[in-house]
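Under our numbering, think of the first position of the sequence shown as 332, with each following residue one higher.
Cβ atoms here follow ideal geometry from the backbone N, Cα and C, with glycine treated the same way.
For reference, the structure is listed below as structure tokens.
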Amino acid sequence: MGSITPPGRAQPRLFRLRQARRRPVLAAVLVAAFLATFLIDWAVTLPAFSATSAPATSQSCTVSPDNGCIQGTITDSEREPAEDVDVDVAGPGGFAETATTNADGRWSVSVDEAGEYTVSVDQATLPKGQYLTNAADAERKVQATLNANVGQIFQLSDQKGATTTSDSSSVSPQRAWQQFASGIRLGLLIALASIGLSLIYGTTGLSSFSHGEQVTLGGLLAYVFANQLGWNIWVTGIVVTLLCAATGYLQDAGIWRPLRRKRISLTQLMIVTIGLSIAAQYAFQYFFGAATVRIQQGNPETVRFAGVTLTVQSYVAMGIALVVLVATGLFLAKTRFGRATRAVSDNPALAAASGIDVDRVIRFVWTLAAGLAGLSGVMLGLVLNGVNWQTGLQLLLLMFASVTLGGLGTAYGALVGSMIIGVVVELTNLVLPGDFKYATALVILILILLFRPQGIFGRAERVG
Numbered sequence: 332m333g334s335i336t337p338p339g340r341a342q343p344r345l346f347r348l349r350q351a352r353r354r355p356v357l358a359a360v361l362v363a364a365f366l367a368t369f370l371i372d373w374a375v376t377l378p379a380f381s382a383t384s385a386p387a388t389s390q391s392c393t394v395s396p397d398n399g400c401i402q403g404t405i406t407d408s409e410r411e412p413a414e415d416v417d418v419d420v421a422g423p424g425g426f427a428e429t430a431t432t433n434a435d436g437r438w439s440v441s442v443d444e445a446g447e448y449t450v451s452v453d454q455a456t457l458p459k460g461q462y463l464t465n466a467a468d469a470e471r472k473v474q475a476t477l478n479a480n481v482g483q484i485f486q487l488s489d490q491k492g493a494t495t496t497s498d499s500s501s502v503s504p505q506r507a508w509q510q511f512a513s514g515i516r517l518g519l520l521i522a523l524a525s526i527g528l529s530l531i532y533g534t535t536g537l538s539s540f541s542h543g544e545q546v547t548l549g550g551l552l553a554y555v556f557a558n559q560l561g562w563n564i565w566v567t568g569i570v571v572t573l574l575c576a577a578t579g580y581l582q583d584a585g586i587w588r589p590l591r592r593k594r595i596s597l598t599q600l601m602i603v604t605i606g607l608s609i610a611a612q613y614a615f616q617y618f619f620g621a622a623t624v625r626i627q628q629g630n631p632e633t634v635r636f637a638g639v640t641l642t643v644q645s646y647v648a649m650g651i652a653l654v655v656l657v658a659t660g661l662f663l664a665k666t667r668f669g670r671a672t673r674a675v676s677d678n679p680a681l682a683a684a685s686g687i688d689v690d691r692v693i694r695f696v697w698t699l700a701a702g703l704a705g706l707s708g709v710m711l712g713l714v715l716n717g718v719n720w721q722t723g724l725q726l727l728l729l730m731f732a733s734v735t736l737g738g739l740g741t742a743y744g745a746l747v748g749s750m751i752i753g754v755v756v757e758l759t760n761l762v763l764p765g766d767f768k769y770a771t772a773l774v775i776l777i778l779i780l781l782f783r784p785q786g787i788f789g790r791a792e793r794v795g
């Protein structure tokens, strides 16, 4: 083994080497951001290329300060779109309008007055042999507001008088396959944010509870630029990714590095991240309100492939996420700076003694993590057709469960953990209603801590 050069002597030579390596790294980040956002733009503008995607039979609704939208979908017992079903909407001032579902099972109605509306399904227009899962659910009360969307989803069953319970008879192979595909999609998008969260923990030992707000920030900034300012979506994606990356850089420069130099404990730093998370949430609510906002207006096109029906944005977002994740993995494995990052993650003291600028590596990790989280927020906003001030908070438990399952501090573990969590959460929706599926992540997290606290790729450590 060669001798270890003291950090002080190594600094001039290493500084020149770092300067030479900085440009390729920044260029790679910019190129990756450009490619990702270009593909997003292609996804949004790409016409439907499947024979199953037919033009809408009813006018799509676009929200504005003068009107709101009540819209939704109707699917049959096999989770297939139910076409030509009439939905009646009645509201204040004698408002009455009927929408008919299109080939994608979608319907929408524009309203010009805020208030309570009644949404009812005309059961006489349901497909033959299909019934509402709950007959009493045919009529619903909704509260509509201007410049916002209100969504309603109606599920059909092939059994008359069926109810929305966890009866296994409602679970079919087609529905399970559809939920599995949705789980792959969710896992890939969560992985973008989880890798950054895992790298932050690996290099600093800090569990950042404010990381979810970086996802929210990406989605809301995309809403501002694409929706409010009318920017092209790929320009929006580039700007949002760079702005989110800049917030990570500024956070480390203004908060985390000064606190590290004062040798603040990890518990105190974690409390700071919790406070930062709460402050960011209320700031988002103050500036954007509590309603869900859409990055792009209009109902997205859907494509049926291999028995799975997803939006075009979903398919392309999955491809983008996969490319970015592979590029990140190659960067960590093949480049000098990536190996330096892994060295700091393994042993910061030894990495510093070997001449690695630990502070610079940590600064880069914060920047990269925030940029990936922002990109995740943009794609989640497009895929889920909306984002609000709590989007990141709702995903935070899934991210923590993912990095814990894969192994804290390991980027590859975060990827594998995210895929497992995404699939399990979506498949849980087969037997649990609504957002109960997110509780599955908590159950998995507890089981991991009980039986394998180091995670899949983590190393067991001796304490004491």
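Spatial distance of residue i from residue j (CA atoms)
i	j	result
V473	P458	25 Å
F636	Y646	10 Å
A430	T698	47 Å
N478	Q616	15 Å
L523	L746	8 Å
R594	S733	29 Å
G738	G650	25 Å
T642	R516	11 Å
L724	Y769	12 Å
T659	G446	48 Å
L370	G786	Bear in mind that a pLDDT of 44 at L370, under 50, signals an unreliable position, so the model cannot answer this.
G669	A507	39 Å
A363	T432	Reliability fails at A363, whose pLDDT of 47 lies under 50, so the model's placement of it is uncertain and the value that follows must be treated cautiously. Using only the alpha carbons, I get a separation of about 39 Å.
A374	W562	Any reading at A374 is ruled out, since the residue's pLDDT is 42, under 50, leaving its predicted position unreliable.
T666	T672	10 Å
D498	V394	At D498 the pLDDT is 44, less than 50, meaning the model places this residue with poor confidence and gives no usable figure here.
D583	R694	6 Å
G712	A684	44 Å
M332	V571	Low confidence applies here, because M332 scores a pLDDT of 41, under 50, leaving its location unreliable; read the following figure in that light. Straight-line Cα distance between these residues: approximately 46 Å.
N716	L573	22 Å
V657	D677	21 Å
F767	T759	8 Å
G686	E632	53 Å
Y613	I605	13 Å
Cβ pair residue i, residue j closer than 8 Å
i	j	result
C575	L537	no
M710	A772	no
S525	M730	yes
G579	V718	no
S529	G740	yes
T456	E470	no
A704	G533	no
A700	I531	yes
F788	Y743	yes
S488	T464	yes
Q510	L761	yes
G568	E757	no
G422	G482	no
I775	L736	yes
Neighbourhood of residue i by C-beta, 8 Å cutoff - its chain only, sequence neighbours within 5 removed
i	result
N558	V624, R625, I626, Q627 and Q628
F619	L551, Y554, N719 and W720
L681	A674
V714	R516, L520, T642, Q644, S645 and A648
Close Cβ partners of residue i (< 7 Å) along its chain, the five nearest in sequence each way excluded
i	result
A351	At A351 the pLDDT is 44, less than 50, meaning the model places this residue with poor confidence and gives no usable figure here.
G518	S749, M750, I752, G753 and V754
R591	none
I443	The sequence given here places Asp at residue 443; Ile does not occur at that position. If we look at D443 and ignore the five residues flanking it on each side, its Cβ neighbours are D397 and N398.
G638	Q505 and W508
D690	R588
Own chain residues within Cβ distance below 6 Å of residue i, not counting five before or after
i	result
V418	A430, W438 and V452
S608	F540, S541 and E544
E428	V420 and V440
I405	A413, V416, T432, G436 and F485
A622	A479
S500	Residue confidence for S500 is low, a pLDDT of 43 falling below 50, so the modelled location carries little weight and cannot support an answer.
L727	G543
Enclosing beta strand (DSSP E) for residue i [first to last residue]
i	result
A512	Element bounds for A512: not the beta strand (DSSP E) but the alpha helix (DSSP H), P504 to T535.
E444	Where E444 is concerned, there is no enclosing beta strand (DSSP E), given that its DSSP letter is neither H nor E.
A427	F426 to T431
Q545	Looking at the DSSP string, Q545 is not in any beta strand (DSSP E); the run it does join, the alpha helix (DSSP H), is H542 to A553.
Q461	Q461 -> no beta strand (DSSP E), and no H or E assigned at all.
I401	G399 to T406
G422	D417 to G422
Any non-hydrogen atom of the ligand SAH within 7 Å of residue i CB
i	result
Q628	The ligand SAH is absent from the structure shown, which contains no ligands of any kind.
Quiz prompt | Ranges of the alpha helix (DSSP H) found wholly within the segment 706-777, counting only runs of at least 4 | solution = 722-737 and 742-759
Quiz item: Could you give the uninterrupted runs of the alpha helix (DSSP H) lying entirely in the segment 570-596, keeping only those of 4 residues or more?
Solution: 588-592
Self-check item: In chain order, each alpha helix (DSSP H) run of at least 4 residues that lies wholly inside the segment 613-697
Solution: Listed in chain order, the complete alpha helix (DSSP H) runs (minimum 4 residues) inside the segment 613-697 are 643-665, 667-677 and 679-684.
Exercise. Could I get the ranges of all uninterrupted beta strand (DSSP E) runs contained in the segment 464-490, with 3 residues as the minimum, in chain order?
Key: Residue ranges of uninterrupted beta strand (DSSP E) with 3 or more members, entirely inside the segment 464-490 and ordered along the chain, are 470-475 and 480-488.
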